[in-house]
Structures are given as structure tokens and as C-alpha cells.
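Student:
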Amino acid sequence: MTVQLPIIAADIGRARWARAKAAAHAWRGEMIDVFAQGERAVTDTLVLIGPALTPPLSSALLYGQRLQLLSAAVAAGGSHAEVGQHARHALQRFAALTELRHALCHGAATLALDEASAWILILDLLALRSGGGAKTMHVVREAEAATTLERVASDGRMLAGQLRRLRELVAATG
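Take the sequence shown: its position 51, counting from 1, is numbered 50 in numbering that gives the first Met the number 0, and each next residue is one higher.
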């Protein structure tokens, strides 16, 4: 006995998969853009205050190093503690998202669909640590993706605004 499956069923499955894949990758791209905007604000600020930094700006090649350098500069006792005090909280909030940023930017993605055809993005990251590799996995479900994007974008806007204010204060004080 030969059973014929309707071609439309396969097309619907492929169409669902294509929509889910496009949506998950679009979300990931938007998230990476939010992090890039935040990193740009950090870098713009470091360039402006660079001459006063210890260690020097040239030592901060990686994202985490830049956050650490700027956080140290605005911390109590730092070179820009007074003008940067308003930016401390925003920097801390954005720095707390570093693990998510690393997973989005450097994680190998696996996409799955649940029974309702909602996407699940699994980001697998292998980082080099002393003594070998450290594997981490970050799972994002479509149902929580929009909320995560809104929260991270809000933190990014707050950081950019606070750092813009810091740069204006530094420029005004010469």
C-alpha cells in the first residue's frame, strides 16, 4: 500500500521553520546591535578621558576590559569619580549583561521549535580559561525574547545617556 502525503504539509513545516529561523536570527541581531551601541558609548567615553587613565587606554582591547577600565575610572577614588558618579549604576547594570552578550556574539546557535512552533534558541559557548575550556549554554525562548530585548535596550539607553552626560561634564571642565 502506498501512502501519499500532501506536499502542502511539508511546505507548511518548511515555512514555519523559515519564519522561526528568521525571527530568532532577527532577535539575535537586534540584541547584538543594542550591545554594540552600549560598547560604542563606553569607547567614546574612554577616548575622551583616555589620557587620565591608568592602565592606559591601549590596554583595553576587549569589551570586558573596556567596561572594567571605565568602571574603575568612575568608581570612588577613580580619575573621574566626581563627574562619573551618576554613570556607575548604569555601567554596573550593563556589565551584568556581559555573559548574555558573549553568548549572543560568540555562541554557536542551535534552533529548535516547540510543539506550538515557537522558537527556542540555544547558544553554546566554549570559552578558554586557565586549565582548559569552560562550556556555557544560554537558552532563549521566543516567549521571553521581546521582554529581554526591551530590558537590555532600556539598560543600553540608560548607559548611553549617562555616558553622554559624563562626556559633556568632562568637556565642560576642560
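By construction, the Cβ of each residue, glycine as well, lies at the ideal position given by its N, Cα and C atoms.
(1) Roughly how many whole angstroms lie between the Cα atoms of TRP16 and ALA115?
(2) According to DSSP, simplified to helix, strand and coil, what is THR147?
(3) Under DSSP, the beta strand (DSSP E) around GLY132 begins and ends at which residues?
(4) Taking Cβ positions only, does THR44 come closer than 7 Å to chain B?
(5) Kindly indicate the opening and closing residues of the alpha helix (DSSP H) around THR97.
(6) Beta strand (DSSP E) containing ALA72: first to last residue?
(7) Take ASP123 and list the residues in its own chain whose beta-carbon comes closer than 6 Å to its own, dropping the five residues that flank it on each side.
(8) If I measure Cβ to Cβ from ARG100 and keep anything under 6 Å in the same chain, skipping five residues before and after, which residues do I get?
(9) For the putative contact between SER70 and LEU52, defined by C-beta atoms under 8 Å, what is the C-beta separation to the nearest angstrom?
Tutor: This is what the structure gives:
(1) 12 Å
(2) helix
(3) 131 to 140
(4) Of the protein chains in the structure, only one exists, and it is not chain B.
(5) 97 to 105
(6) Per DSSP, ALA72 belongs to no beta strand (DSSP E); it is in the alpha helix (DSSP H), 62 to 73.
(7) GLY106, ALA107, MET136
(8) PHE34
(9) Not quite, the Cβ-Cβ distance comes to about 12 Å (not below 8 Å), so this is no contact.
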